[in-house]
Amino acid sequence: MQEFIQEAKGADIRCFVVGGKVIAAIKRQGGSASLIKISAAERATAVNAAKAMGLNVCGVDLLRSNHGPVVMKVNSSPGLEGIETATQKDIADMIIDFIEKNAGKKPTNLVHEAKVKRFIMATQPKNQAITIAGETVLPGEQKTINVEIGKLFTHSELTAPIQVWCERQTGPILFISTAIHGDELNGVEIIRRLLKVKSLKRLKGTLMTVPIVNLHGFINHSRYLPDRRDLNRSFPGSANGSIAGRLAHTFMKEVVEKATHGIDLHTGAINRTNLPQIRADLDTEEVHAMANAFSAPVMLNADLRDGSLRAAAVKRGIPILLYEAGEALRFDEFSIRAGVNGIINVMRHLQMLPASRKKSPASKPVIARSSFWIRAPHSEIFRSLSADGARVEAKKTLIGVISDPFGQSEVEVYSPYSGIIIGQMKMPLVNQGEALYHIARFARSDVAEEQVDTYQEALMDESNLLYPTEDIPTLNE
Ligand SMILES: [Zn+2]
297 MQEFIQEAKG
307 ADIRCFVVGG
317 KVIAAIKRQG
327 GSASLIKISA
337 AERATAVNAA
347 KAMGLNVCGV
357 DLLRSNHGPV
367 VMKVNSSPGL
377 EGIETATQKD
387 IADMIIDFIE
397 KNAGKKPTNL
407 VHEAKVKRFI
417 MATQPKNQAI
427 TIAGETVLPG
437 EQKTINVEIG
447 KLFTHSELTA
457 PIQVWCERQT
467 GPILFISTAI
477 HGDELNGVEI
487 IRRLLKVKSL
497 KRLKGTLMTV
507 PIVNLHGFIN
517 HSRYLPDRRD
527 LNRSFPGSAN
537 GSIAGRLAHT
547 FMKEVVEKAT
557 HGIDLHTGAI
567 NRTNLPQIRA
577 DLDTEEVHAM
587 ANAFSAPVML
597 NADLRDGSLR
607 AAAVKRGIPI
617 LLYEAGEALR
627 FDEFSIRAGV
637 NGIINVMRHL
647 QMLPASRKKS
657 PASKPVIARS
667 SFWIRAPHSE
677 IFRSLSADGA
687 RVEAKKTLIG
697 VISDPFGQSE
707 VEVYSPYSGI
717 IIGQMKMPLV
727 NQGEALYHIA
737 RFARSDVAEE
747 QVDTYQEALM
757 DESNLLYPTE
767 DIPTLNE
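Taking the working numbering, the leading residue of the sequence shown gets 297, the next gets one more, and so forth.
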């Protein structure tokens, strides 16, 4: 409930707070804005409001009441039109200056550009058209664009479909990519369901979905490209490279560089599962906030791999999450549900979607301290006794057995450290040294295990899902 302040006579004061200082203030009354001198008390109130909200850049709207300044609203992405005209100051520039001075390292030009782009997106009232592969999508339009990524030796053209939803209202430009490894399919189903989520009717900004990046691999059920390259080691690519390099280059140019944020969807390799997990650079504040919002049960602070899409996006200042869940060439219901849910949570966090009254399932994600692999001591037949998400106690929990075909030699598998199983081998025939389990270590693995359980339970309940459920399988069959 807001207090009604009659003495303010319909006027409010917009204080622009940047880095703990009021850099400009205007009085707004009946559609007009004029410069105003504010009192020390008003200044302090505005600065404190920004601080309380944890915002470095914001607009604080005050009313002058008989008992001093009253905060009416704190806006994390205030428009600049009124204030720049009234103050004759280049507020956008001051904000970018502040962001740069506080970013720690000196940002590159590309990072600077990305920051400016994100800032402009957040402060302009109307969305802008976006052009991909020469085709323009106007605000209010949805288009599927086929981006040419090369020719086959049959002389037929090879294209990758990108669906672009350019909304009327401004907001971030988010890309969601899947099947960079051509045999990783969960992401394709995640995108199909995502596009059916009802609240997308109220989407702001621009959404670019790319369900099949590596078309060659997708057709051949293969992780790789015909040049035997791994696309996720070929970024940023080059216009004159081999197939993987060219594809990476086109994808960077047409999608990544036009976006302000990204989510890349993956699964485990063939015959290997992954518990739904986010891998990201959690030391970057913006990325950490997105990862938190996604709320996959487990987060790993993962180093950037040379040549990965994630590394190339980070170099361009684009915050990006990597979601790993399930296994190659299979649909995994829990991974798919957790993926759709996570993306919606991120879109709400980025204010592309309104905050929901009904809370969607979210686990309080736990950050793994580190992770390690348990490898097969011999070439034998492997039986796993533990599921993904299970907690293992160091040298105590029997997690699997490997034996010869007659069962004469049976070797029990234990973990050297306590943790949670976040991935495992599904194929019972293993060679010596092959990875059997991927285990993440936590400060409190009991808490981590509970998070996984609670989240899985919440997602099993179909009434918690955000899209129509007639055509999807149940999770606990
Ligand atoms: Zn992958």
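Even glycine gets a Cβ: it sits at the ideal position worked out from N, Cα and C.
- Put simply, the backbone Cα of Val318 is about 30 Å away from that of Gln424.
- In the three-state reduction of the DSSP assignment, Asn371 falls in the strand class, which pools E and B.
- Runs of the beta strand (DSSP E) lying entirely within the segment 507-543 and spanning at least 3 residues: none are present.
- Boundaries around Ile458 are those of the beta strand (DSSP E), 453-462, since no alpha helix (DSSP H) includes it.
- Under the 8 Å Cβ criterion, the segment 596-609 does not count as touching the segment 630-646, having fewer than three qualifying pairs.
- Nearest in C-alpha terms to Ser495, of all of Ile717, Glu746, Leu649, Glu753, is Leu649.
- For Thr750, the enclosing alpha helix (DSSP H) starts and ends at 741-756.
- With fewer than three CB-CB distances shorter than 8 Å, the segment 699-709 does not count as touching the segment 603-615.
- According to the DSSP assignment, Leu561 belongs to the beta strand (DSSP E) that extends over 557-562.
- Proximity of the segment 682-700 to the segment 720-739 meets the contact definition, three or more beta-carbon pairs being nearer than 8 Å.
- In the three-state DSSP reduction, Gly364 falls in the strand class (E or B).
- Bridge pairing for Ile717: Ile735 [DSSP].
- The segment 720-730 makes no contact with the segment 754-765; the number of CB pairs closer than 8 Å stays below 3.
- Along the segment 313-368, the alpha helix (DSSP H) occurs as fully enclosed runs of 4 or more residues at 336-349, listed in sequence order.
- Of the candidates Asp523, Ile768, Asp602, Thr502, the residue whose Cα lies closest to the Cα of Lys554 is Thr502.
- Within the segment 611-654, the complete beta strand (DSSP E) segments of 3 residues or longer fall at 616-620, listed in chain order.
- His517 and Arg525 have their C-alpha atoms spaced approximately 15 Å apart.
- The Cβ neighbour count for Ile515, taken over all protein chains shown within 10 Å, is under 16; the residue is labelled exposed.
- By the beta-carbon neighbour count (other beta carbons within 10 angstroms, threshold 16), Asn442 is exposed.
- If you draw a straight line from the Cα of Asn637 to the Cα of Phe590, it is about 8 Å long.
- Unbroken beta strand (DSSP E) stretches of 3 residues or longer found wholly inside the segment 651-695: 662-664, 666-671, 676-680, given in chain order.
- Excluding five sequence positions before and after Ile616, the CB atoms of its chain that fall closer than 8 Å to its own CB belong to His557, Gly558, Ile559, Asp560, Ala576, Val583, Leu605, Arg606, Ala609, Val610, given in chain order.
- For Glu480, the shortest separation between its Cβ and any heavy atom of ligand 1 lies below 7 Å.
- With a cutoff of 7 Å, His517 does not count as near ligand 1, since its C-beta is closer than that to no heavy atom of the ligand.
- For the options Gly478, His451, Ser741, Ala382, the alpha carbon positioned closest to that of Ser328 is the one of Ala382.
- Beyond the five residues adjoining it in sequence on each side, Ile487 comes within less than 7 Å, by CB distance, of Ile472, Thr474, Thr505, Pro507 in the same chain, given in chain order.
- Segment contact: the segment 564-580 against the segment 539-550, fewer than three CB-CB distances shorter than 8 Å; contact not assigned.
- Sorting His363, Lys305, Ser373 by C-alpha distance to the C-alpha of Cys311 places Ser373 at the top.
- Here Ala307 carries a strand assignment [DSSP, helix/strand/coil].
- Selection Lys347, Ala592, Leu571, Trp669 evaluated against Ala621 yields Leu571 as nearest (Cα-Cα).
- Residue side-chain check: His512 keeps its Cβ at 7 Å or more from all non-hydrogen atoms of ligand 1.
- Judged by beta-carbon spacing, Ala651 lies beyond the 8 Å limit of Ala565, meaning their Cβ atoms are not closer than that value.
- Counting the other Cβ atoms within 10 Å of the Cβ of Glu338 gives 16 or more, which makes it buried.
- Across the structure, Gln720 and His562 are spaced so that their CA atoms are roughly 15 Å apart.
- Closer than 7 Å to some heavy atom of ligand 1: that does not describe the Cβ of Asn567.
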